[in-house]
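**Student:** For the sequence shown, this note's numbering gives the first residue as 208, with consecutive numbering after it. Backbone N, C-alpha and C define an ideal beta-carbon position, used for all residues, glycine too.
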Amino acid sequence: SKVACGVTGPRGNNNPGAARASTSPLAFLRAMKTAGATGFAAYAHHPYYGGPSETPSTAPPRPPRGQLPTAVTLGNLNVLIAEVTRLYGKKRIWLTEYGYQTNPPDRIFGVSFVNQARYLTEAYGIAKRHPRIDMFLWFLLRDEQRAASQGWESGLLTAAGKRKPSFAAFQRLRG
Numbered sequence: 208s209k210v211a212c213g214v215t216g217p218r219g220n221n222n223p224g225a226a227r228a229s230t231s232p233l234a235f236l237r238a239m240k241t242a243g244a245t246g247f248a249a250y251a252h253h254p255y256y257g258g259p260s261e262t263p264s265t266a267p268p269r270p271p272r273g274q275l276p277t278a279v280t281l282g283n284l285n286v287l288i289a290e291v292t293r294l295y296g297k298k299r300i301w302l303t304e305y306g307y308q309t310n311p312p313d314r315i316f317g318v319s320f321v322n323q324a325r326y327l328t329e330a331y332g333i334a335k336r337h338p339r340i341d342m343f344l345w346f347l348l349r350d351e352q353r354a355a356s357q358g359w360e361s362g363l364l365t366a367a368g369k370r371k372p373s374f375a376a377f378q379r380l381r382g
C-alpha cells in the first residue's frame, strides 16, 4: 500500500494573524520537512483554478520579487514538483481533487458546460504528460444538491442527474 501526505489546497496567505489564516502549499511542504515528516510514497495536492477566466494552463500571478508563490495550480505545478524534489527526492505526485464548477448554477466561479469539458480534457492532458503524476481525481461525479452559493458544482452530472458535456469528455479520456 502507498501513503500520501500533504493534500494541500491551491493557495494560502501564510499569515497566522489574518482573519482567515491559511498555509500555502510550498510553506506547508517546508514545514513538513522541518517537522521531520518522512515515510510517505506520494505528495497529494488540489491544484484548483482561482477564477472562471483561468484555464488549467493559466499560472497564478507571480509573487513580488524574492517571495515564494502562495498559490500552486495546474498552471504552475512545476514549482510544487521542484520543491517536493528538492526536499524529498522524486516522490510521486497525486492530484487528489480537481474540477471546474459550472454556470449554471454557480454564477461566481462557474464556467460554461462546454468550457468545463474542454478544461477537463486539458487538465487531464497536463497530468498525463508529467511522468511523476500517477493520480488525477476529478471532484465530483454529480453536482451537490445544496444551493449554488453553498454547494459545489463541478460534477459530470447536474444535481438532477443530467449529463454535462464533461461526462462524454471523461468517457473519451478513460478509453
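For F343, list the residues DSSP reports as bridge partners.
**Tutor:** Walking along the sequence shown from the start, residue 343 turns up at place 136. According to DSSP, F343 bridges with L302.
**Student:** Along the alpha helix (DSSP H) that carries G332, what are the first and last residues, could you check?
**Tutor:** The residue labelled residue 332 in the question sits at position 125 within the sequence shown. Start and end: 320 to 336.
**Student:** How many Å lie between L294 and W301 at the Cα?
**Tutor:** Taking the first residue of the sequence shown as 1, we reach residue 294 at position 87. Taking the first residue of the sequence shown as 1, we reach residue 301 at position 94. If I take the Cα positions, the gap works out to 17 Å.
**Student:** Using three-state DSSP, classify T215 as helix, strand or coil.
**Tutor:** Here residue 215 corresponds to residue number 8 of the sequence shown, with the count starting at 1. Looking at T215 - three-state DSSP - the assignment turns out to be strand.
**Student:** Hey, which unbroken runs of the beta strand (DSSP E) at 3 residues or more fall wholly within the stretch 208 to 256?
**Tutor:** 211 to 215, 249 to 252
**Student:** In angstroms with no decimal places, state the Cα-to-Cα distance between E351 and G362.
**Tutor:** Locating residue 351 in the sequence shown gives position 144, where the first residue counts as 1. Locating residue 362 in the sequence shown gives position 155, where the first residue counts as 1. Each residue's Cα considered, the two are about 8 Å apart.
**Student:** Out of P312, L344, T215, Y305, state which residue places its alpha-carbon closest to the alpha-carbon of P263.
**Tutor:** Reading the sequence shown from its first residue, position 56 is the one you call residue 263. Closest by alpha carbon: Y305.
**Student:** Buried or exposed: which applies to I315, given that a residue is buried once 16 or more other Cβ atoms fall within 10 Å of its Cβ?
**Tutor:** Stepping through the sequence shown from its first residue, residue 315 is reached at position 108. With fewer than 16 other Cβ atoms within 10 Å, it is exposed.
**Student:** Rounded to whole angstroms, how far is the Cβ of P223 from the Cβ of L287, which I believe are closer than 8 Å?
**Tutor:** Numbered from its first residue, the sequence shown carries residue 223 at position 16. Numbered from its first residue, the sequence shown carries residue 287 at position 80. Between L287 and P223 the Cβ distance is about 22 Å, and since that is not below 8 Å, they are no contact.
**Student:** Compute the beta-carbon to beta-carbon distance between Y255 and T230, rounded to the nearest angstrom, for a pair I have assumed lies under 8 Å.
**Tutor:** Along the sequence shown, read from residue 1 onward, the residue named residue 255 stands at position 48. Along the sequence shown, read from residue 1 onward, the residue named residue 230 stands at position 23. At roughly 16 Å, the Cβ-Cβ gap does not stay under 8 Å, so Y255 and T230 are not in contact.
**Student:** Rank A211, G273, N310, A249 by C-alpha distance to the C-alpha of G258 and give the top, closest one.
**Tutor:** Locating residue 258 in the sequence shown gives position 51, counting from the first residue. Among A211, G273, N310, A249, the Cα nearest to that of G258 is on N310.
**Student:** As a quick exercise: from P312, A238, L380, pick the residue whose alpha carbon is nearest that of F343.
**Tutor:** Translated into the one-based positions of the sequence shown, residue 343 becomes position 136. When each option's Cα is compared against that of F343, the closest is L380.
**Student:** Mark L348 as exposed unless 16 or more other C-beta atoms lie within 10 angstroms of its C-beta, in which case mark it buried.
**Tutor:** Within the sequence shown, residue 348 is the residue found at index 141, counting from 1. So L348 counts as exposed.
**Student:** Does DSSP put R269 in a helix, a strand or coil?
**Tutor:** Counting from 1 along the sequence shown, the entry for residue 269 is found at position 62. Three-state DSSP puts R269 in coil, outside helix and strand.
**Student:** Near A266, what residues of its chain come up, given a Cβ to Cβ distance below 8 Å and the 5 sequence neighbours on each side ignored?
**Tutor:** Within the sequence shown, the letter at position 59 stands for residue 266. Excluding positions up to five away in sequence, the list reads T280, G282, N283.
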